[in-house]
Amino acid sequence: MRVLWLTREAPYPPRYGGDYLYSSRLIEALAAAGVDVHVLCSPGGGLGPDVQCREPSVTWKVVAPPPLRPAWRSLLTPLPNIAARQVAEAMRQRAMALVAQGGWDAVCLDHIGMGWLLPHLERARTGRRPLLVYIAHNHEKTVRAQLAREAPGGLPRRLALRLDAWKAGRLEDALVRRSDLVIANTEVDEALYRREHPGVAAVVVKPAYEGPVLDPLPPEAKPRRVVLVGSFGWLAKQLNLDAFLDEAAPRLAAAGVELVVAGAMPLDYERAVSARFPSVRLTGAGEDLTPHLREARAGVVPEHVGGGFKHKALQYVFCRVPILALSGSVAGTPLVPGRSILEYADMRALVDGILGVVDDAPRLTAVEAAAFEACRDGFRWADRGVTLRDAFARRLQEVPA
10 MRVLWLTREA PYPPRYGGDY LYSSRLIEAL AAAGVDVHVL CSPGGGLGPD VQCREPSVTW
70 KVVAPPPLRP AWRSLLTPLP NIAARQVAEA MRQRAMALVA QGGWDAVCLD HIGMGWLLPH
130 LERARTGRRP LLVYIAHNHE KTVRAQLARE APGGLPRRLA LRLDAWKAGR LEDALVRRSD
190 LVIANTEVDE ALYRREHPGV AAVVVKPAYE GPVLDPLPPE AKPRRVVLVG SFGWLAKQLN
250 LDAFLDEAAP RLAAAGVELV VAGAMPLDYE RAVSARFPSV RLTGAGEDLT PHLREARAGV
310 VPEHVGGGFK HKALQYVFCR VPILALSGSV AGTPLVPGRS ILEYADMRAL VDGILGVVDD
370 APRLTAVEAA AFEACRDGFR WADRGVTLRD AFARRLQEVP A
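So our numbering is basically just the index in the sequence shown, starting at one, shifted up by 9.
In structure tokens form, the structure reads like this:
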């Protein structure tokens, strides 16, 4: 099987978000499952993808990046900003040439940001028609509408975000409707696609985990510390962090509970967070998170805006950190509220929960142990590569060439 995978940037450091992790590991796992994978992308800003990729059989084709454009320019196009900023002539020409040359069993559009290529690929597909596969990272219509409702700012900004959300939903609908196969990363997103597009061919391929697996430490052997792991470059992630810190920072500090926020964020946003919440300890991008997880009594998932799979949940589970989360924040995991995760209805209740269990060693130990047991055998990237390969193979049998 031969697959052409079209993605935004080389999905390796210094790109740290969960979307890049999902892309890179799916590519590698698919190749490890015996598929001949060719990836077309722009540079990611670090070492070349051929150097950072752990699967040597992957073929990387790197083109010039899109030009830098101000965000407002997307208002003048039919595309949402996330796709408009990816438009690049070098990518268009190379993608069309590769598709037109034929020999592909499947062509993957990885992320809604690559949706601008859809009409160009449809024109380029000649002769034996390869599968067109959309790799979804979120149910964008839901997430963008949430973002437009929750984002602060004046009327012009709110109207711009609403327009952008509408355009993202329209592009997502086109991708789902015109693709031969849709890959969702949670059952929740798959159900939404099936409800909106009856008859759509959709398969769930969840993220997996390959980081350190720690032995458990008793909570009383750790400092009174909680950790929030994430990547905070996207506005939705910043809104979630701001809402959590507004409630949590003063209350945890007053109770003598240390709060660590671990992960990458833009420098100007990091400075603003440090100024507003001096009691919160921030770590930088690329820092090894294992010590922070090792020494935390609990890990937090305070995400009320944004969908998709939360990679931080698996980091917590396998580093043996019990999870406290807003209800619905960990779609795609087998965690059971009250048993293997503690869930709360809103930010105030979540902080109440942290303060209520931070010194309850038996409760924390039981939740952590149940979470690890629920996840220990179900999150291997090698399995995801096989699932993806088999989904392609089945769909190739169903779709006329």
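By construction, the Cβ of each residue, glycine as well, lies at the ideal position given by its N, Cα and C atoms. Predicted model only: the values in this text are computed from it and were never measured.
Note: R11 is bridge-paired with D45 in the DSSP secondary-structure output.
Non-local C-beta neighbours of K231 in its own chain, meaning closer than 6 Å and more than five positions away in sequence, comprise E304, R306, ordered along the chain. Under the DSSP definition of a beta bridge, G308 partners with V236, I332. Membership of V395 in the alpha helix (DSSP H) is indicated by the continuous run 390 to 407. Distances from the CA of V266 to each of V330, V289, V212 were compared; the closest alpha carbon is that of V289.
In the structure shown, the three-state DSSP call for R285 is helix.
When the five nearest sequence neighbours on each side are left out, the beta carbons in the same chain lying within less than 6 Å of the beta carbon of A157 are those of L170, R171, A174, in order along the chain. Straight across, the Cα-Cα distance linking A263 with D361 is about 13 Å. Distances from the alpha-carbon of Q102 to those of L118, A73, L77 put A73 closest.
Counting C-beta pairs with one atom in each stretch, the segment 61 to 80 and the segment 37 to 47 have three or more that are closer than 8 Å, which means they touch.
As summarised for the segment 130 to 161, the continuous beta strand (DSSP E) elements at least 3 residues long and confined to that stretch are 140 to 144, given in chain order. With a beta-carbon spacing of about 27 Å, K150 and V238 fall beyond the 8 Å limit used to define contacts. In this structure, R24 lies away from W390, with their beta-carbon atoms at least 8 Å apart. For the pair of segments examined, the segment 215 to 223 was found not to touch the segment 243 to 260: the number of CB pairs separated by less than 8 Å stays below three.
In this structure, A271 places its C-beta atom within 8 Å of the C-beta atom of L298. When C-alpha distances from A402 are compared across S32, K70, V142, the shortest belongs to V142. By the Cβ criterion, the segment 120 to 138 is in contact with the segment 92 to 109, since at least three pairs of Cβ atoms, one from each stretch, lie closer than 8 Å. The shortest C-alpha to C-alpha distance from A211 to any of P225, T195, L250, L226 is the one to T195.
In this structure the segment 365 to 384 does not touch the segment 277 to 292; the number of beta carbon pairs closer than 8 Å is below three.
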